[in-house]
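One structure is given below, encoded as structure tokens.
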Amino acid sequence: MVLTRFPRAPLTEGPTPIRSLDRLSTHLGAELNGVRLFVKRDDVGPVGLGGNKLRKLEFLLGQALADRADTVITVGALQSNHARLTAAAAARMGLACELFLTRSVPRDDADYTGNGNRLLQDLFGARIHLLPGEADSLAEAEARADMLRSQGRRVCVFPSGGSSPLGCLGYAACALEILEQAGNLGLSFARIVVPNGSSGTHAGLAAGLAAAGRDPVLAQSYTVLAPEAEARATTLAKARDTLALIGGGLTLADDSIRVDGAHRGPGYGVPTEGMREAVRLMARTEGLLLDPVYSGKAFAGLLHDVRTGTYAWGETVLFVMTGGVPGLFAYRQDFAEV
Ligand SMILES: *Cc1c(COP(=O)(O)O)cnc(C)c1O
């Protein structure tokens, strides 16, 4: 797979570590059903506190810089990690950044509206446009881009989660990185597990696996945003578009994408008991931080599946930690002990 023809902005520093969850595994004991659990630390990165959006932004901002853009605009929820990392990466690359943020999560406490990612978006110098929950933020972003262009600015608009086919290439590259690391570690992962929001992480991994001649169904996700069938259809479409962008004439079968919708709870950004248990368990046994919106729910799903015997004895599962830690400060109330 040749990705070198796509320009990349330097926002990551080499492969993120893969390591086993020894203390969590000891804690789970018989509940593990013989599964070997590993994590990939995509929550660690050199810009803006890190997270999965950096891999997408490498390609998105790489192209924006090649097009001599001076401004980037993107969209997201009030506590969007993607918006925070776009603001940070734009600052790093010397571009102006504007964010169209929607009140799509039913919360209005001070932590949610002012702390976590919202605080950081301001610190990274982004210009913020706040919209009601039902607003078409991408249309508003495009209208603003047209206005700025009429003033002579060179503007790039990134979609929600940065999950255009170009952005998804970040996770196609990650699939290759995982295969190479697994080879070096002498491991063969039976499953690579990720959260699914705007579907680009799963889609990129599936496309990358297919391009590398591996079974795309190795990647699997837990949706935290769209209902299961919709998330699956979106992921398949994005994986196909990404594979087409990579080139080589490969295709993806209809059954190559597995998405589980059982751990989303009442809706996007709404905490679940499983999420709280997963976040606490990882923090207390491993000293690692999941987030309340994405990785906490996905890891809750993985724990559930491990405990109920979905995996064969001895199978090796890789969970990709995707970041989102600032969200913990926005959801402070949900983790308070008293
Ligand atoms: C955006 C995000 C995800 C989901 O990635 P998608 O590519 O949008 O599906 C997962 N975890 C965190 C922390 C995120 O910010």
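Residues are numbered in our numbering as their position in the sequence shown, beginning at 1, plus a constant of 6.
The beta carbon of each residue, even a glycine, is placed where N, CA and C say it ideally should be.
Q | Residue environment, Asp49, which counts as buried when at least 16 other CB atoms sit within 10 Å | A | Within the sequence shown, numbered from 1, the residue matching residue 49 stands at position 43. Buried, by the Cβ-count rule.
Q) Does at least one heavy atom of ligand 1 sit under 7 Å from the Cβ of Lys59? A) Within the sequence shown, the letter at position 53 stands for residue 59. Yes; taking the cut-off as 7 Å, the Cβ of Lys59 has a heavy atom of ligand 1 nearer than that.
Q. To which residues of the same chain is Thr316 closer than 8 Å at the C-beta, ignoring the five residues directly before and after it?
A. The residue given as residue 316 occupies position 310 in the sequence shown. Excluding residues within five positions, none has a Cβ falling inside 8 Å.
Q: Could you tell me whether the Cβ atoms of Arg90 and Asn123 are closer together than 8 Å?
A: Numbered from its first residue, the sequence shown carries residue 90 at position 84. Numbered from its first residue, the sequence shown carries residue 123 at position 117. It is a contact, given that the beta carbons lie within the stated cut-off.
(Q) Helix, strand or coil for Val248? Go by DSSP, reduced to three states. (A) By 1-based counting over the sequence shown, the position of residue 248 is 242. With the sequence shown as reference, residue 248 is identified as Thr, and Val is not the correct amino acid for it. Helix, per DSSP.
Q: Starting from the C-beta of Leu34, find all residues in its chain whose C-beta is less than 6 Å away, skip the five residues before and the five after it, and write them out in chain order.
A: Residue mapping note: residue 34 aligns to position 28 of the sequence shown, counting from 1. No residues qualify anywhere along the chain.
(Q) Tell me which residue opens and which closes the beta strand (DSSP E) that Asp266 is part of. (A) The count along the sequence shown starts at 1 and reaches residue 266 at position 260. Asp266 -> beta strand (DSSP E) spans Arg264 to Asp266.
Q. Around the C-beta of Gln157, are 16 or more other C-beta atoms found within 10 angstroms, so that it is buried, or is it exposed?
A. The residue you call residue 157 lines up with position 151 of the sequence shown. By the 10 Å Cβ count, Gln157 comes out exposed.
Q. Using a Cβ-Cβ cut-off of 8 Å (strictly less than) and excluding sequence neighbours within five positions of Asn39, which residues of its own chain qualify?
A. If you number the sequence shown from 1, residue 39 lands on position 33. Val312, Arg313, Gly315, Tyr317 and Trp319.
Q: Report the rounded CA-to-CA distance for Ala147 versus Pro222, giving the unit in angstroms.
A: Locating residue 147 in the sequence shown gives position 141, counting from the first residue. Locating residue 222 in the sequence shown gives position 216, counting from the first residue. Straight-line Cα distance between these residues: approximately 33 Å.
Q: Can you grab the Cα-Cα spacing for the pair Ala83 / Arg109, in whole Å?
A: Position 77 of the sequence shown, counted from the start, is the residue given in the question as residue 83. Position 103 of the sequence shown, counted from the start, is the residue given in the question as residue 109. Straight-line Cα distance between these residues: approximately 6 Å.
Q) What separation, rounded to the nearest whole angstrom, lies between the Cα atoms of Leu105 and Arg155? A) Taking the first residue of the sequence shown as 1, we reach residue 105 at position 99. Taking the first residue of the sequence shown as 1, we reach residue 155 at position 149. Roughly 16 Å between the two C-alpha positions.
Q: Using beta-carbon positions only, say whether Val323 and Phe195 come within less than 8 Å of one another.
A: Walking along the sequence shown from the start, residue 323 turns up at place 317. Walking along the sequence shown from the start, residue 195 turns up at place 189. Yes, the pair counts as a contact, with Cβ atoms nearer than the cut-off.
Q | Local Cβ density within 10 Å of Ala216, reported as buried at 16 or more and exposed below that | A | Here residue 216 refers to the residue found at position 210 when the sequence shown is read from its first residue. The residue is buried, with at least 16 neighbouring Cβ atoms inside 10 Å.
Q. What is the rounded straight-line gap between the Cα of Leu185 and the Cα of Pro21?
A. Mapped onto the sequence shown, residue 185 falls at position 179. Mapped onto the sequence shown, residue 21 falls at position 15. Going by the C-alpha atoms only, they are around 11 Å apart.
Q) Is it a yes or a no for the segment 330 to 339 touching the segment 286 to 304, going by three-plus beta-carbon pairs under 8 Å? A) yes
Q.
Please determine whether the Cβ atom of Gly302 lies at a distance below 7 Å from any heavy atom of ligand 1.
A. Translated into positions along the sequence shown, residue 302 becomes position 296. False, no ligand heavy atom lies under 7 Å from that Cβ.
Q | Status (buried if at least 16 other CB within 10 Å, exposed otherwise) for Arg270 | A | Locating residue 270 in the sequence shown gives position 264, counting from the first residue. The residue in question, Arg270, is buried, as its Cβ has 16 or more Cβ neighbours within 10 Å.
Q: Provide the residue span of the alpha helix (DSSP H) that contains Val312, from first to last.
A: In the sequence shown, counting from the first residue as 1, residue 312 sits at position 306. Counting along the chain, the alpha helix (DSSP H) containing Val312 begins and ends at Ser301 to Arg313.
(Q) Just to confirm before moving on: does the CB-CB distance between Gly68 and Ala132 stay below 8 Å? (A) Here residue 68 corresponds to residue number 62 of the sequence shown, with the count starting at 1. Here residue 132 corresponds to residue number 126 of the sequence shown, with the count starting at 1. Against a cut-off of 8 Å, the Cβ pair of Ala132 and Gly68 comes out as no contact.
Q: Report all residues from its chain with a CB closer than 8 Å to the CB of Pro171; omit the five preceding and five following residues, and keep chain order.
A: Here residue 171 refers to the residue found at position 165 when the sequence shown is read from its first residue. For Pro171, where only same-chain residues beyond five positions count, the Cβ hits under 8 Å are Lys244, Asp247, Thr248, Ala250 and Leu251.
Q: Look at the alpha carbon of Pro272 and the alpha carbon of Ser204, and state the distance between them as a whole number of angstroms.
A: Locating residue 272 in the sequence shown gives position 266, where the first residue counts as 1. Locating residue 204 in the sequence shown gives position 198, where the first residue counts as 1. Each residue's Cα considered, the two are about 17 Å apart.
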